[in-house]
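Position 75 (the sequence shown) corresponds to 75 in UniProt numbering; numbering is contiguous.
Here is the structure we will look at, set down as structure tokens.
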Amino acid sequence: MFPWLHQLEANWEAIRDELILFVKNGAGMCNVHTTGGSELNTESKWKLAMILGYGKPIDEIKTFFPVTLSILTKLPEVQNAAFSLLKAAGSIPPHSGSTASILRYHLALIVPYNGKRSWLTVNRR
1 MFPWLHQLEA NWEAIRDELI LFVKNGAGMC NVHTTGGSEL NTESKWKLAM ILGYGKPIDE
61 IKTFFPVTLS ILTKLPEVQN AAFSLLKAAG SIPPHSGSTA SILRYHLALI VPYNGKRSWL
121 TVNRR
């Protein structure tokens, strides 16, 4: 259905390695506080680093993600991309975006306990 996903999935380890280096260097991941006006992250355990906006790499951090951006910029379907980091024991309350016309794709790069204690609920399922 989405053949371009293969490009990301085939390179997940290189993408993960870039993210690890970015975080280890203390580069800026911002706190995610609100989405759609409701408070989501009062304890600041959810962090975000936007790397692609409106099809363009974010200048301030693009040097950390050469592999990731080389893939993303060749995919015209992808207009925005970000790394999201949820710290240990963190959770994100249910929420929704402003429109159902955007496909959100989550590629899990670092999942503790082999995913046995992590899940993603979509449309209450």
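Cβ atoms here follow ideal geometry from the backbone N, Cα and C, with glycine treated the same way.
Report the rounded CA-to-CA distance for residue i versus residue j, giving the unit in angstroms.
i: Pro-3; j: Lys-45; result: 33 Å
i: Thr-34; j: Ser-98; result: A caution first: Thr-34 carries a pLDDT of 45, below 50, which makes its placement in the model unreliable, though a value can still be read off. Their Cα atoms are separated by approximately 13 Å.
i: Lys-47; j: Leu-86; result: 6 Å
i: Gln-79; j: Leu-120; result: 23 Å
i: Leu-8; j: Ala-100; result: 23 Å
i: Arg-104; j: Arg-125; result: 16 Å
i: Lys-74; j: Ser-96; result: 28 Å
i: Glu-18; j: Met-29; result: 14 Å
i: Gly-90; j: Ser-118; result: 10 Å
i: Gly-26; j: Val-122; result: 32 Å
i: Ala-112; j: Glu-13; result: One point to set straight first is that residue 112 is Pro, not Ala, in the sequence displayed. Each residue's alpha carbon lies about 15 Å from the other.
i: Ile-92; j: His-106; result: 14 Å
i: Pro-94; j: Ile-102; result: 17 Å
i: Ser-84; j: Ile-110; result: 11 Å
i: Asn-114; j: Ile-20; result: 18 Å
Taking buried to mean at least 16 other C-beta atoms within 10 Å of its own C-beta, is residue i buried or exposed?
i: Ala-88; result: exposed
i: Met-1; result: exposed
i: Pro-57; result: buried
i: Leu-5; result: exposed
i: Glu-77; result: exposed
Please list, in chain order, all residues of the same chain as residue i whose beta carbon is under 6 Å from its beta carbon, the five residues on each side excluded.
i: Phe-22; result: Phe-64
i: Ile-15; result: Thr-68
Please list, in chain order, all residues of the same chain as residue i whose beta carbon is under 8 Å from its beta carbon, the five residues on each side excluded.
i: Lys-116; result: none
i: Lys-62; result: Ile-51, Leu-69
Grab me the residues of residue i's own chain with a C-beta within less than 7 Å of its C-beta, minus the 5 sequence neighbours each way, in chain order.
i: Asn-11; result: Val-67, Ile-71
Assuming the contact rule is C-beta atoms closer than 8 Å, residue i and residue j should be a hit. Round their C-beta distance to whole Å, please.
i: Ala-49; j: Ala-82; result: 6 Å
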